[in-house]
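Q:
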Amino acid sequence: MAFAVSIPRIRSLPIEKLAFGGPMSTRIAIFNHKGGTGKTVSAYNIGWKLTEHGNKVLLVDGDSQVNLTALALGFDVFDKYYEDDSTKSKNIKDGVSPVLEGKPSALEPFDCPSAANNPNLFVLPGHAELAAYEGQISLAQETGGTLSVMKNLPGALQAFIGMIEAQHEIDYTLIDLNPGLGAINQNLFIASDAFIVPTNPDPFSLMAVGTLGNHLVRWMNWKDANFHKFEDADYPLHASRPVFLGTLNSRFNKHASKAARKFDERIAQIDEQVEQRLVPTLQAAGMTAKPECYQRAFDEWKDKLAADNKGLHALARIPDFQGLIHTANLADLPIFKLDDTALKADNIQGIVKEKAVRNIESFDVIYEAIASKIEMLASNDCRI
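In the UniProt record's numbering, the protein residues as written are 1 to 384.
1. Quick check for students: name the residue ranges of the beta strand (DSSP E) that lie wholly in the region 278 to 324, counting only runs of 3 or more.
2. If contacts are defined as beta-carbon pairs under 8 Å, then Ile196 and Val57 qualify, I think. What distance do you get, rounded to the angstrom?
3. Tell me the DSSP bridge mates of Asp176?
4. Buried or exposed: where does Lys151 fall if 16 or more other Cβ atoms within 10 Å of its Cβ makes it buried?
5. Just list the residues that DSSP pairs Pro334 with in beta bridges.
6. Once you ignore the five residues that flank Arg11 on each side, which residues in its own chain have a CB closer than 6 Å to its CB?
7. Would you mind sorting Ala239 into buried or exposed? The rule is 16 or more other CB atoms within 10 Å of its CB.
8. Which residues mark the beginning and the end of the beta strand (DSSP E) in which Ala194 is found?
9. Just the Cα atoms here: how many angstroms apart are Gly350 and Asp339?
10. Could you tell me which residues DSSP pairs with Ala115 in its beta bridges?
11. On the DSSP letters alone, give me the boundaries of the alpha helix (DSSP H) that Phe204 sits inside.
12. Which residue marks the beginning of the alpha helix (DSSP H) containing Glu352, and which one marks its end?
13. For Arg266, does the three-state DSSP call read helix, strand or coil?
14. Determine, using beta carbons only, whether Lys344 comes closer than 7 Å to chain D.
15. May I ask you to list the residues that DSSP assigns as paired with Leu124?
16. For Glu83, is the classification buried or exposed, using 16 other Cβ atoms within 10 angstroms of its Cβ as the cut-off for buried?
17. Nearest by alpha-carbon distance to Ala316: which of Tyr294, Ala233, Leu237 is it?
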């Protein structure tokens, strides 16, 4: 497909090559090329739970819809952030613009805002025009470093994220990708150390899981073939091999109905597709953790999670948030942190409140399981 793209002219910058990010930061991409799988809400809730384990966490909003930024900052603060002259340029697009637009200046990190009510959950805000760089990055990756004026482009996003990680001493970075197969997603994916695949109980999610492995391996093959071509760039590629941590079976309707049984069947089919197609494809490319680690993660939490969480590579099955999502948005809190004050503010009382409290406790266990599994599976001990 032909497209018009301006080729930025990048001057040779007198900057010191840095080990961007460093060993403290573990980057995790949350990605499925099928939309509507709950990736943004999952990133926010998982990130928050990881901070409860004593970690500093960075949420990177790589989706031009900017939903993660709005969710984490709170919708009132979100509007002000992009209107205020002191903060509106502190976002992922403007952060990498010196390289992507060929400006005679180096990348520079900035202080990221913290999520509402959580000083250890940082947000690298997204931008609605990030997709405008799709053409430049695509062309730079297609030419594989043969054009010197474009040599810094493929490594710019990862380098900038690394600078932010170093500035805030980040332990885990969660990158929310858009549901597509473009160059920006490829770029962010190959800049990650691990990845999670959110799914939804519908036929399109089932199809997506069946083909996802081929796309991810193709992206990784590009990195393998071209990594050395960018080693002398001011911003080289991230030296990593993304490892599959597991799936999230999200938005499962627990109501006892024919529809719920259908959802249950669909999730079982997704689990089977993961075992028969996705994992073998990724395993052959060296993009999985040690088999015994998946088994240990499953065994350690199988008695604490619902009995219908049967997939070996499923981090957890996440029920529909239903009305609690409204309460959580009002309180600027994740589902599992809702308390009496938050419930009262949303006029949740009586029997409805009793049910809500039980659901909140259940969500706390689910996200505790997810965070604990992530910490184990993403560790060096579980890397092959």
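Note that CB positions come from ideal geometry on N, CA and C, so glycine has one too.
A: Result, derived from the coordinates:
1. Within the region 278 to 324, the complete beta strand (DSSP E) runs of at least 3 residues are 314 to 319.
2. Along the sequence shown, one-based indexing puts residue 196 at 196. Along the sequence shown, one-based indexing puts residue 57 at 57. Not a contact, Cβ separation roughly 14 Å.
3. As a first step, residue 176 must be located in the sequence shown, where it is residue number 176. Ile30, Asp61, per the DSSP bridge assignment.
4. In the sequence shown, counting from the first residue as 1, residue 151 sits at position 151. Label assigned to Lys151: buried.
5. Start at 1 with the first residue of the sequence shown, and residue 334 comes out as number 334. DSSP output for Pro334 lists no bridge partner at all.
6. Against the sequence shown, residue 11 aligns to sequence position 11. Confidence at Arg11 is low in this model, with a pLDDT of 34, below 50, so the placement of that residue should be treated as unreliable; the coordinate-derived value is given next. The residues are Pro104.
7. Stepping through the sequence shown from its first residue, residue 239 is reached at position 239. Per the 10 Å Cβ criterion, exposed.
8. Position 194 of the sequence shown, counted from the first residue, corresponds to residue 194. Per DSSP, Ala194 belongs to the beta strand (DSSP E) from 194 to 199.
9. As a position in the sequence shown, residue 350 is number 350, starting the count at 1. As a position in the sequence shown, residue 339 is number 339, starting the count at 1. Computed Cα separation, rounded: 14 Å.
10. Locating residue 115 in the sequence shown gives position 115, where the first residue counts as 1. Answer is Asn118, bridged to Ala115.
11. Here residue 204 is taken as the residue at index 204 of the sequence shown, counted from 1. Note, Phe204: alpha helix (DSSP H), 203 to 226.
12. What you label residue 352 is simply residue 352 of the sequence shown in a count that begins at 1. For clarity, residue 352 is Val in the given sequence; the question names Glu instead. Run containing Val352: 350 to 377, per the alpha helix (DSSP H) assignment.
13. Counted from its first residue, the sequence shown places residue 266 at position 266. Correct three-state label for Arg266: helix.
14. Although the question refers to chain D, the structure presented lacks it and comprises just one protein chain.
15. Along the sequence shown, one-based indexing puts residue 124 at 124. Its beta-bridge partners are Val60.
16. The count along the sequence shown starts at 1 and reaches residue 83 at position 83. The residue in question, Glu83, is exposed, as its Cβ has fewer than 16 Cβ neighbours within 10 Å.
17. The residue given as residue 316 occupies position 316 in the sequence shown. If we check each option's Cα against that of Ala316, Tyr294 comes out closest.
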